[in-house]
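Start counting the sequence shown at 1032; every next residue gets the next number (my numbering).
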Amino acid sequence: MEKRLALVIGNSKYDGTTSLTNPFNDATDMALTLENLGFEVNKQVDLNHTQMVTEFAKFKRDIYEYDVSLLYFAGHGLQIRGENYLAPIDIDLSNEERTIFSCININNYLNEISVYSDKTNIIILDSCRTNPFARKMRGAVVDGFSSFSNAPKGTFISYSTSPDKTASDGTNSNGLYTGVLKHYMKTPNIKIEDTFKMVRTKLAQLSGNEQISWEHSSLVGDFYFNFVEHSNESIDQTEVFEYIETRSRFYLGQDNLDIYDQECLPILDAYKKYNVPIIEIMRFYSKESYQRIGQKFSDSVIDEINFNYLSSLGFENKNYRWYYKNEYVVMGEPLPLDIERVEKEPLENNEIDVTFKFFGKKINGKVFFEVETNLPNKTIVMFTLSSKDNSYRAQSKNSVENGFAKTGGFTSKNEEIEEGLYMLSLSSPIHSVQPEDVKKRLGEDNRNLIGKYVEHSPIGGKTVTCNITVIAKKDEILIYE
């Protein structure tokens, strides 16, 4: 179980002209919400500069012992020369330098916690309310915050409104933003990015599109405020597997069904029969399927594979609800992916943005293809040529040499392939089967590969896949990339 730590600050009692109505209530409610979500919470209200410095120093030191840190601030915030500051109740407005010195610089805070890049560090700032300091500082102070363009790895930042804009202090017991946020944080099994999307949608609706919240994420893994594991010990995975297989045989070959229905209807039938989310139905099915061929993967890896598979079949997320062809389903959330299975960023200055340019020709009745590419020499690639109805399918394995990879000659049982429409697919295998020199260039799990032809799998890392349309004519090959 991950350890979570939160520092919650609500500053309301500024001087008589700048006091705020709701930060005390915001901090109180947020602290209670976070405690219920498993955070150890340090709640502080109406702090002066010395007290804020003390609490921030203690918080930065304590993060070391935790997996997740969360800083929440409700009160006045200000922007000076592109830097963002949180205002204590005794902010000094006598001149620009004193104002900067009397506040907490959030940009500096981010730099200081960059040493915790292996953790999840969340910053929530409900502090862009219309700023009375601008009048006193003669233009030095700008309403709202500037954007954080270089937040350290492992960080998630949320503003109550867009950069350089202001937020409502609210007319009820909470500021508008916190009132919405504390509700959606409790939603089970929703990733943090989706939580704040829901907040943004509701906030825009309540404010008449006057207040649009904003986030910046450099997270490398998944985080859930409220993750609830479903317990379905009474359901036998072998039974689920056999049921889906039986339903698959029932639907197979029915002329009124397309290929997606033939794949998805057995899953939907199992979903309705066992009354558990789709992702869990697929977890039961896949675990049994893998066991039968002697393979074993973690539940989180299975979920990641199935989630991508289901999305490719036509399951769609619309307005935070899942549908298959307009039929609402409970998809559920995939388990958080193990950190070692998360897609790795390419090593700096080692990125390979993969490119391809295809050529085709006929020689003595055989069809040959050649591709120009920037993949490293000796990279293994596989060419697959298939007809539209899949009645013809042939493969040719080769490796890249001097920027080119070539196929052998494609035929149909030693005869010319028929004229018509074909698909040519090029793919590269996973990292482990590539030559040693190629492994070093591509990096662990082929991490250095980037671009539109690159796909990531939690099992094998990154691979390359490219599909092009081919028309075979009597004397020529036409290629459409």
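Note that CB positions come from ideal geometry on N, CA and C, so glycine has one too.
Note that this is a predicted model, so its numbers are computed, not measured.
* **Bounding residues of the alpha helix (DSSP H) (the contiguous stretch that carries residue 1080)** => 1080 to 1093
* Does the beta carbon of residue 1367 sit closer than 9 Å to a beta carbon anywhere in chain B? -> The structure shown has no chain B; it contains just one protein chain.
* Give the straight-line distance between the Cα atoms of residue 1046 and residue 1059, rounded to the nearest whole angstrom. => 21 Å
* **Pair within 9 Å by beta-carbon distance, residue 1500 and residue 1484** => no
* Along the chain, which unbroken stretches of the beta strand (DSSP E) at least 3 residues long are found entirely within the segment 1389 to 1416? -> 1397 to 1404
* At a cut-off of 8 Å, is residue 1256 close to the ligand ADP when judged by its beta-carbon and the heavy atoms of the ligand? -> Absence of the ligand ADP is noted for the structure shown, with no ligands found whatsoever.
* Asked: Could you give the residue range of the beta strand (DSSP E) that holds residue 1157?
  -> 1151 to 1157
* At a cut of 8 Å, does the segment 1297 to 1308 reach the segment 1351 to 1364 through at least three beta carbon pairs? -> yes
* Quick one: grab the DSSP three-state call for residue 1463. => DSSP places residue 1463 in helix when its eight states are reduced to three.
* Inspect the CB distances between the segment 1398 to 1405 and the segment 1433 to 1442 and report whether three or more fall short of 8 Å. => These segments touch.
* Asked: Among residues of its own chain, excluding the 5 on either side of residue 1064, which ones have a beta-carbon nearer than 8 Å to its beta-carbon?
  -> Closer than 8 Å at the Cβ level, and outside the excluded window around residue 1064, lie 1213, 1216, 1217.
* Asked: Measuring CB to CB, does residue 1075 end up less than 9 Å from residue 1039?
  -> yes
* Asked: If you follow the alpha helix (DSSP H) that residue 1278 is part of, which residue opens it and which one closes it?
  -> 1268 to 1282
* To do: Grab the span of the alpha helix (DSSP H) containing residue 1214 for me, first residue to last.
  => 1207 to 1215
* Can you tell me which of the three DSSP states residue 1145 falls into? => helix
* **Residue closest to residue 1455, alpha-carbon to alpha-carbon, out of 1253, 1488, 1479, 1421** => For the set 1253, 1488, 1479, 1421, the Cα lying nearest the Cα of residue 1455 is the one of 1421.
* Asked: Is residue 1385 helix, strand or coil by DSSP?
  -> Note: residue 1385 maps to coil in three-state DSSP.
* Asked: For residue 1293, which of helix, strand or coil comes out of DSSP?
  -> helix
* Asked: Rounded C-beta distance between residue 1187 and residue 1276? I'm assuming under 8 Å.
  -> No, residue 1187 and residue 1276 are not in contact; Cβ-Cβ is about 42 Å, not under 8 Å.
* Asked: Under the rule that 16 or more other beta-carbon atoms within 10 Å means buried, what is residue 1087, buried or exposed?
  -> buried
* To do: Rank 1034, 1126, 1133, 1403 by C-alpha distance to the C-alpha of residue 1083 and give the top, closest one.
  => Of the candidates 1034, 1126, 1133, 1403, the one whose C-alpha sits nearest the C-alpha of residue 1083 is 1133.
* Roughly how many whole angstroms lie between the Cα atoms of residue 1256 and residue 1233? -> 18 Å
* Using three-state DSSP, classify residue 1506 as helix, strand or coil. => coil
* Looking only at its own chain, which residues have a Cβ that is under 7 Å from the Cβ of residue 1393, when we skip the five neighbours before and after it? -> 1506, 1507, 1508
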